[in-house]
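See below for the structure under consideration.
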Amino acid sequence: MPRADGWHRRIGLLALAAVVLAGCATDAGDGTGQSAPEQAAVQVQGVASCDTLPQGASSDEATSDRLPPLELSCLTPGPSIDLAALSGRPVLVNLWASWCGPCREEMSALQAAHEQYGEQVQFLGVDSKDTTEAGAAFLGDIGVTYPQVVDPEGELLNHLGVPGLPVTVLLDDEGRIAATHVGQLDSESIEELLDNVVP
739 MPRADGWHRR IGLLALAAVV LAGCATDAGD GTGQSAPEQA AVQVQGVASC DTLPQGASSD
799 EATSDRLPPL ELSCLTPGPS IDLAALSGRP VLVNLWASWC GPCREEMSAL QAAHEQYGEQ
859 VQFLGVDSKD TTEAGAAFLG DIGVTYPQVV DPEGELLNHL GVPGLPVTVL LDDEGRIAAT
919 HVGQLDSESI EELLDNVVP
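Going by this note's numbering, the letters in the sequence shown line up with residues 739 to 937, in that order.
Written out as structure tokens, the structure is:
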């Protein structure tokens, strides 16, 4: 009988091959074919705590020009974040998963943009339909340093009505959606997005 981890690896590779050209469909669950378990914060070398995120007053009402009033746990030890309360400075929100090939490919460009624009724009990753352990391992491998929250059920992705990952939403300093990008980003497309909020 084949070992379970080998089976999971083969399934993950097949799923990656099927979606690499069109983005990552999100019916893959957490990438293992199992439902996402309870998430627990983990230590990831270099990843900032969520307490660095700008939080203003939240609203219980969902509007089309803002992220929903959805509270997500920090991937690393830190406070939960209410997405509807993100304001005070522009925020680039990137939805990703460790099992999503295009997400993995764009992450280096996002980290480089964070290093370049981090004084003007806050970056936030949303690990979607994934396990904390898999997300943390990937972030540690690639050296991402901006804050990360977890959304194991993909609630934000469902709210946005997008069928797959990656997705990036740019908020202005008042928390309104300034731009949305569906699909893989590169350095040029990140700069184009940030032109909406960076003088």
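All C-beta atoms in this analysis are idealised placements derived from N, C-alpha and C, irrespective of residue type, glycine included.
Three-state secondary structure (DSSP) of residue 934: In the sequence shown, residue 934 corresponds to position 196, counting from 1. It is coil, neither helix nor strand.
Classification of residue 870 by the beta-carbon crowding that lies within 10 angstroms, buried from 16 upward: To locate residue 870, count along the sequence shown from 1; it is residue 132. Looking at its Cβ environment, which holds 16 or more other Cβ atoms inside 10 Å, residue 870 is buried.
Through-space distance from residue 851 to residue 785, alpha-carbon basis: Against the sequence shown, residue 785 aligns to sequence position 47. Against the sequence shown, residue 851 aligns to sequence position 113. For residue 785 and residue 851, the distance between alpha carbons rounds to 15 Å.
Neighbour-count burial assignment, residue 773, 16 or more Cβ in a 10 Å radius: Mapped onto the sequence shown, residue 773 falls at position 35. With a pLDDT of 35 at residue 773, under the threshold of 50, the modelled position of this residue cannot be trusted; read the value that follows with caution. The residue is exposed, with fewer than 16 neighbouring Cβ atoms inside 10 Å.
Opposing strand residues paired with residue 919 [DSSP bridges]: Your numbering for residue 919 matches position 181 in the sequence shown. Paired residues: 906.
Buried versus exposed call for residue 889 [16 or more other C-beta atoms within 10 Å across all chains shown]: Residue mapping note: residue 889 aligns to position 151 of the sequence shown, counting from 1. Its Cβ being crowded by 16 or more others within 10 Å, residue 889 is buried.
Residue environment, residue 820, which counts as buried when at least 16 other CB atoms sit within 10 Å: Counted from its first residue, the sequence shown places residue 820 at position 82. Per the 10 Å Cβ criterion, buried.
Residue closest to residue 817, alpha-carbon to alpha-carbon, out of 929, 780 and 835: The sequence position of residue 817 within the sequence shown is 79, counting from 1. The candidate whose alpha carbon is nearest that of residue 817 is 780.
Secondary structure of residue 836, DSSP reduced to three states: As a first step, residue 836 must be located in the sequence shown, where it is residue number 98. Coil at residue 836, not helix or strand.
Residues near residue 914 by beta carbon distance below 7 Å, same chain, minus five either side: Taking the first residue of the sequence shown as position 1, residue 914 is located at position 176. Correct list, in chain order: 803 and 804.
Residue 810, enclosing beta strand (DSSP E) - first and last residue: Residue 810 sits at position 72 when you count from the first residue of the sequence shown. It spans 809 to 812 - the beta strand (DSSP E) in which residue 810 sits, taken as one unbroken run.
Own chain residues within Cβ distance below 8 Å of residue 929, not counting five before or after: Against the sequence shown, residue 929 aligns to sequence position 191. Only 851 meet the Cβ criterion.
6 Å Cβ shell around residue 794 - same chain, five flanking residues per side excluded: One-based indexing of the sequence shown puts residue 794 at position 56. 823, 825 and 826, listed in sequence order.
Cα-Cα separation, residue 856 to residue 835: Taking the sequence shown and counting its residues from 1, the one referred to as residue 856 is at position 118. Taking the sequence shown and counting its residues from 1, the one referred to as residue 835 is at position 97. For residue 856 and residue 835, the distance between alpha carbons rounds to 22 Å.
Where residue 815 falls, given that 16 or more other Cβ within 10 Å makes a residue buried: Taking the first residue of the sequence shown as 1, we reach residue 815 at position 77. Per the 10 Å Cβ criterion, exposed.
Rounded C-alpha distance that separates residue 907 from residue 782: Counting from 1 along the sequence shown, the entry for residue 907 is found at position 169. Counting from 1 along the sequence shown, the entry for residue 782 is found at position 44. Using only the alpha carbons, I get a separation of about 24 Å.
Option nearest residue 807 by Cα separation, candidates 897, 927, 882 and 937: Translated into positions along the sequence shown, residue 807 becomes position 69. Answer by Cα proximity: 897.
Segment limits, alpha helix (DSSP H) that includes residue 881: Looking up residue 881 in the sequence shown gives position 143. Counting along the chain, residue 881 falls outside any alpha helix (DSSP H), and DSSP gives it neither H nor E.
Per-residue burial, residue 858 [other beta carbons within 10 Å of its own, 16 or more giving buried]: To locate residue 858, count along the sequence shown from 1; it is residue 120. Residue 858 comes out exposed.
Opening and closing residue of the alpha helix (DSSP H) in which residue 894 lies: For the purposes of this step, residue 894 is taken as the residue at position 156 of the sequence shown. Residues 893 to 898.
Three-way DSSP call (helix, strand, coil) for residue 858 in this model: As a first step, residue 858 must be located in the sequence shown, where it is residue number 120. Three-state result, residue 858: coil.
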